[in-house]
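Throughout the sequence shown, residue numbering follows the numbering used here, covering 196 to 323 in sequence. The beta carbon of each residue, even a glycine, is placed where N, CA and C say it ideally should be.
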Amino acid sequence: MKQPSIRLALCSLVVAGAPLLGGVPAYAGDDGVERNGSCSGRSDWELQAKARDGGLEVEAEVDSNRRGQRWKWVLRHNGDVVDRGVSRTRPPSGSFEVERRTNNADGTDTFRFRATHKGEVCRGRLRI
Numbered sequence: 196m197k198q199p200s201i202r203l204a205l206c207s208l209v210v211a212g213a214p215l216l217g218g219v220p221a222y223a224g225d226d227g228v229e230r231n232g233s234c235s236g237r238s239d240w241e242l243q244a245k246a247r248d249g250g251l252e253v254e255a256e257v258d259s260n261r262r263g264q265r266w267k268w269v270l271r272h273n274g275d276v277v278d279r280g281v282s283r284t285r286p287p288s289g290s291f292e293v294e295r296r297t298n299n300a301d302g303t304d305t306f307r308f309r310a311t312h313k314g315e316v317c318r319g320r321l322r323i
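Okay, structure coming up:
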């Protein structure tokens, strides 16, 4: 095999394996972290956190491209429930967002977001 063919084959393997990671960083900057991925059905999720005013601001979004769906969700910070609720997807995008502020614990903070709708499950996790 020639050198370019080996590089192409390796790149193809990396790209093909990326969806198996369950969420890849879309952005990682000095002041924030964002992860996104696919839910168990056709929807997508996004989870972001950033430092703000001495605490942390966390935002979760589910995009199903269908308006009016009722989703149950829970947001956890270092294992503790920050909040839970029910949200409906809204036009025009068929998505909903949850935004909360919480304390910035010593060390690494871990956020988990879980949302369900009629058997479809969205799960996201990030560390900041």
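Taking 7 Å as the limit between beta carbons, can you name the residues of its chain near residue i, skipping five residues before and five after?
i	result
Leu321	Val228, Arg230, Leu242, Ala244, Phe306
Gly280	Trp268
Ser235	Glu315, Val316
Arg262	Thr284, Arg285, Pro286, Gly289
Leu216	With a pLDDT of only 43 at Leu216, under the threshold of 50, the placement of this residue in the model should not be trusted; the figure read from the coordinates follows. Answer for Leu216: no residue qualifies.
If you draw a straight line from the alpha carbon of residue i to that of residue j, how long is it in whole angstroms?
i	j	result
Ser282	Lys267	7 Å
Gly289	Asn260	4 Å
His312	Val293	15 Å
Asp278	Arg271	7 Å
For residue i, which of helix, strand or coil comes out of DSSP?
i	result
Gly333	In the structure displayed, the chain extends from 196 to 323; residue 333 sits before or after that span and is not available.
Ala326	One cannot answer for residue 326 here, as it falls past the ends of the chain, which runs 196 to 323.
Arg318	strand
Just to confirm, is the Cβ distance from residue i to residue j under 8 Å?
i	j	result
Asp239	Ser233	yes
Ile323	Asp304	yes
Arg296	Glu254	no
Asn299	Ala246	yes
Which residues bound the beta strand (DSSP E) around residue i?
i	result
Arg283	275-283
Lys267	265-272
Ser233	227-233
Arg237	No beta strand (DSSP E) holds Arg237; DSSP gives it neither H nor E.
Arg307	305-312
Given residue i, which residues of its chain have a CB within under 6 Å of its CB, disregarding the five upstream and five downstream residues?
i	result
Ala310	Val257, Trp266, Trp268, Cys317
Arg237	none
CB-CB under 8 Å to residue i, same chain, minus the five flanking residues each way: which ones, in chain order?
i	result
Phe291	Glu256, Val257, Trp266, Ser282, Arg283, Thr284, Arg285
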